[in-house]
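Chemist: Attaching a single structure in structure tokens format; questions to follow.
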Amino acid sequence: FFGRSAHAAAYPEEGINALDGVIQTFNSVNALRQHVRQDVRVHGIISDGGVAPNIVPDKASCFFYVRADDLEETVRVKERVISCARGAALASGCRLQVDEDERALAPLKINRAFSRLYSAQLSHMGLAESTAPADKNKGSSDIGNVSQVVPTIHPHVPIGEGINIHSGEFARATVSETGKAAAVEGAMALAMTAAELALSAKLREEIRKEFAAT
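Using the working numbering, the first residue of the sequence shown is number 15, and each one after it goes up by one.
Shown next, in the form of structure tokens:
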């Protein structure tokens, strides 16, 4: 958002507050959240809010992520978020510049034949599969884009019970003995999966057929 700086006490009427545009954008996005699908997530930060309280900010910015279970809904909600920003710019008298990252993250294309092969390696190693709900600890990654081009799996490894990702507790768990052991076990299971694929044309064909059909 681009406004006009002024002394906030002496000449406030001369200013156009770019931070107002940012704040109104957040207010509009918060209202939007009431009317989106359950799988949609919209979250943002204020990346530039001005330099001092006594100066009307002539520039301010915010940064948003939009996520959904499919790319079409992600794009649709993204446009609604941009509309929130446009409305905020109009209301605050600011000029708006929208910078979009065109590298949209595609959803993960599940290949069950490939997943079964990995699960079989866990069984051979005497490891149990996770029973955690599928909607827990999910996020966004460019692995989804890879999975649209070639058969892909994206297994997780357990490093502790009841730990939320992107938390201090999670960071500590990654370097714990349990976390280190899980990383080694996961690497071994992936290596065994790759070896099975290399040795079995039948498995490769089964995975390719499912990929082509989905």
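Just so it is clear, CB atoms sit at the ideal spot from N, CA and C, and this is done for glycine as well. None of the values given here were measured: they were computed from a predicted structure.
#1: Which residues share a DSSP beta bridge with Lys73?
#2: Between the Cα of Glu116 and the Cα atoms of Glu93, His21 and Ser129, which residue gives the shortest distance?
#3: Leaving aside the five residues before and after Lys9 along the sequence, list all residues of the same chain whose C-beta is less than 7 Å from its C-beta, in chain order.
#4: Any idea what DSSP makes of His57, helix, strand or coil?
#5: My output table needs one value for Tyr79: the three-state DSSP class, helix, strand or coil.
#6: Check whether the stretch 21–29 and the stretch 39–58 are in contact - that is, three or more C-beta pairs closer than 8 Å.
#7: Between Arg55 and Val89, is the Cβ-Cβ spacing less than 9 Å?
#8: Tell me the rounded alpha-carbon separation between Asn178 and Ile59.
#9: Taking Leu46 as part of the alpha helix (DSSP H), name the residues at either end of that continuous run.
#10: Which full runs of the alpha helix (DSSP H) of 4+ residues lie inside the stretch 97–125, going along the chain?
#11: Cα separation between Lys73 and Val112?
#12: Is the stretch 200–211 in contact with the stretch 128–138, if contact means three or more CB pairs nearer than 8 Å?
#13: Give the straight-line distance between the Cα atoms of Val163 and Leu33, rounded to the nearest whole angstrom.
Modeler: Judging by the given coordinates:
#1: Position 59 of the sequence shown holds residue 73. Phe16, per the DSSP bridge assignment.
#2: Reading the sequence shown from its first residue, position 102 is the one you call residue 116. Among Glu93, His21 and Ser129, the Cα nearest to that of Glu116 belongs to Glu93.
#3: Limits of the chain in this structure are 15 at one end and 228 at the other, which puts residue 9 out of reach.
#4: Residue 57 sits at position 43 when you count from the first residue of the sequence shown. Looking at His57 - three-state DSSP - the assignment turns out to be strand.
#5: Here the question's residue 79 lines up with position 65 in the sequence shown. In the structure shown, Tyr79 sits in a strand (DSSP, three-state: E or B).
#6: no
#7: Residue mapping note: residue 55 aligns to position 41 of the sequence shown, counting from 1. Residue mapping note: residue 89 aligns to position 75 of the sequence shown, counting from 1. No; because the gap between Cβ atoms is not below 9 Å, this pair is not in contact.
#8: Sequence index remark: in the sequence shown, residue 178 carries index 164 (1-based). Sequence index remark: in the sequence shown, residue 59 carries index 45 (1-based). About 20 Å.
#9: To locate residue 46, count along the sequence shown from 1; it is residue 32. Taken as a continuous stretch (DSSP letters only), the alpha helix (DSSP H) holding Leu46 covers Ala32 to Leu46.
#10: none
#11: Here residue 73 corresponds to residue number 59 of the sequence shown, with the count starting at 1. Here residue 112 corresponds to residue number 98 of the sequence shown, with the count starting at 1. Roughly 13 Å separates the two Cα atoms.
#12: yes
#13: Sequence index remark: in the sequence shown, residue 163 carries index 149 (1-based). Sequence index remark: in the sequence shown, residue 33 carries index 19 (1-based). In a straight line, the C-alpha of Val163 is about 42 Å away from that of Leu33.
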